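Q:
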Amino acid sequence: MKILILGTGYVGLVTGACFSEMGHLVTCLDIDEDKINKLNDGIIPIYEPGLEEIVKRNKKNKRLQFTTDYKKAVEKNDAIFICVPTPSNDDGSCNLSFIKKAAISIAKNLNEYKLIINKSTAQVGTLFEVREIIKKELTSLNKEINFDVASNPEFLKEGCAITDCMKPDRIVIGIDSDKAKNILYDIYSAFNIRKDKIITMDILSSEMTKYAANAMLATRISFMNEIATICKKINANVNNVRKGIGSDSRIGYSFLYPGVGYGGSCFPKDLKALAYIAKKNNVNPKLLNAVEEINNDQKKYLSKNIENYFKNTGGVKDKTIAIWGLSFKPDTDDIREAPSLNLIKDLLKKGATLRVFDPVAMDNIKKYFDKEKNISFCESEIEAANGSHAIALLTEWKQFRLLDFKSILKNLKHKVIFDGRNQYHPIKMKNLGFNYIGIGVPDQIQNEK
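Note that this note's numbering gives residue 241 to position 177 of the sequence shown, counting from 1, and the numbers run on in steps of one.
1) Distance check for G106 and K120, CA to CA, integer angstroms please.
2) In terms of alpha-carbon separation, which member of K393, N438, M86, I501 lies closest to Y111?
3) List the residues that DSSP assigns as beta-bridge partners of C158.
4) Rank E85, L351, T79, I503 by C-alpha distance to the C-alpha of C295 and give the top, closest one.
5) So what does DSSP say about Q514, is it helix, strand or coil?
6) With which residues is R539 paired in a DSSP beta bridge?
7) Starting from T91, trace the beta strand (DSSP E) in both directions and tell me its first and last residue.
8) Using DSSP with H/G/I as helix, E/B as strand and the rest coil, what is D212?
9) Helix, strand or coil for Y500, going by three-state DSSP, please let me know.
10) Near P506, what residues of its chain come up, given a Cβ to Cβ distance below 7 Å and the 5 sequence neighbours on each side ignored?
11) Could you give the uninterrupted runs of the beta strand (DSSP E) lying entirely in the region 311–399, keeping only those of 3 residues or more?
12) I'd like to confirm the pairing. Which residues does DSSP put opposite N182 in its beta bridges?
13) Between L457, I67, R195, I209, which lies nearest to S367 when the distance is taken from Cα to Cα?
14) Grab the span of the beta strand (DSSP E) containing V236 for me, first residue to last.
15) For K66, name the three-state secondary structure that DSSP assigns.
16) Taking the alpha-carbon positions, what's the S318 to C330 distance?
17) Identify which residue in C229, S241, S270 has its Cα closest to the Cα of A254.
18) So if DSSP puts L412 in a beta bridge, which residue, or which two residues, is it bridged to?
19) What did DSSP end up calling N511 once you bin it into helix, strand or coil?
20) How about E401 and G327: do their beta carbons lie closer than 8 Å?
21) Check each candidate in H453, K431, A425 and name the one with the smallest Cα separation from S444.
22) Who pairs with I455 in a beta bridge, going by DSSP?
23) Apply the 10 Å Cβ neighbour rule to V380 and answer buried if 16 or more other Cβ atoms are within range, or exposed otherwise.
24) Quick one: grab the DSSP three-state call for F130.
25) Look at T41 and E97 and say whether their C-beta atoms are less than 8 Å apart.
26) Identify the continuous alpha helix (DSSP H) that holds M280 and give its terminal residues.
27) Is the region 141–152 in contact with the region 169–186, if contact means three or more CB pairs nearer than 8 Å?
28) Which residues share a DSSP beta bridge with I263?
29) Quick one: grab the DSSP three-state call for R195.
30) For I472 and K261, I'd like the C-alpha separation in whole angstroms.
31) Could you tell me the alpha carbon to alpha carbon distance between D395 and I501, rounded to whole angstroms?
32) Taking only three categories from DSSP, how would you classify Q187?
33) Tell me which residues share the same chain as D233 and place their Cβ nearer than 8 Å to its Cβ, disregarding the 5 neighbours each side in the sequence.
34) Tell me whether P403 sits in a helix, a strand or coil according to DSSP, three-state version.
35) For F130, collect the residues of the same chain with a Cβ closer than 6 Å to its Cβ; drop the 5 residues on either side in sequence, then sort them by chain order.
36) From I41 to D398, what distance separates their C-alpha atoms?
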């Protein structure tokens, strides 16, 4: 099928690449001419494992192309996926300006029946608004053209988005016509061969499903972080507690790891948007507010621990802290709402000097802190640690796991590591000579193997 993807951001580019990999003829459109030129030159604007190879292969095979030409793109394709940004407004609601502009542009260039599918995460009822915008624009242009709309939320996890797209757990579609249903089944037929993964529902429920899913995952993270805080106070080990409850088949281990809080482009934004929807409909979002409050507190946790550790030696002022990991999670260069940003800002305010490193997010962090003089942007975790008073791990990149810690220890002024993801075994680190400070882990661990 001929498919048009509006937007070449994270969702649009991954979706377009995977559709083309499955044999569809895909056109990705963006109004950013510079981005399209780079994509046509083989330059991928985001880091996602496996994405570059798929884009280049399908572009070479002429199944994937990039353009800024709305007229040609809309006219020649059968289905149109809206994959544009929906940033937060100050009140937590989604800014729908990009979706509305896309709807108007579609209507202006509509020449025959199309199915218009929204993948952008937007508040419940947005698709009905899109339909009315298109109808109104068509009327003003004296066009009588039939079209359908459908909701098809994305459930991509940064760092493994290609696998999520190619081998989805489920494919949720919200439709109100059989024609739209049949087209979407055709589009996803190659993804749906061995097992029927398509869940069909009404449009409003489909839009709500995305918010409910992310709210559930964020809730698990904040729940475990609160358990970790309690464990620290009572001298219990949250790592043991996690195993004890995660082994329960009703609970499982997913999103049950304590740390320095969640970030990224989805969870923070979607929690705010769902809380806004609740309040707008006279529902008090007590749980959602608590989840967000716990997460905000958790992002301050490491800074407080570092300050407390150095309280008898003048605090963090004039101390050098190495920060390992800057992206909000491994296998992505995305630093949006990353816990590292909170820690960096807080430590700088307190007078610290920072030496930072991330395997792929260095360009983004340099842009974010381009005017900051008290940050050294290092080329490795070893370079960041050299001469520092302490190490703070913020992102659990695999390359940080098996290091020559004995050599690292020799070049640390204070033998302390703040493990914001509980990546290291406390006893092993203590045996190496580190003062180990984790999340929800007692300062002194005994009888643990």
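From the three backbone atoms N, C-alpha and C, an ideal C-beta is built for every residue, glycine too.
Predicted model only: the values in this text are computed from it and were never measured.
A: According to the structure shown:
1) 7 Å
2) K393
3) S152
4) I503
5) A question about residue 514 goes unanswered here, because the residues of the chain that appear run from 65 up to 513.
6) Outside the displayed span of the chain (65 to 513) sits residue 539, for which this structure offers no information.
7) 89–93
8) strand
9) strand
10) N299, N301
11) 384–388
12) I146, S215
13) L457
14) 235–238
15) strand
16) 17 Å
17) C229
18) L412 pairs with nothing; no bridge assigned.
19) Legend: pLDDT at N511 = 42, less than 50; position of this residue unreliable, value from coordinates given subsequently. In this structure, N511 counts as coil in the three-state DSSP scheme.
20) yes
21) A425
22) A386, I481
23) buried
24) strand
25) No information on residue 41 is available, as it lies outside the stretch 65 to 513 that the chain covers here.
26) 267–298
27) yes
28) V236
29) helix
30) 48 Å
31) 25 Å
32) coil
33) F219, K261
34) helix
35) C92, I100, L103, N104
36) Outside the displayed span of the chain (65 to 513) sits residue 41, for which this structure offers no information.
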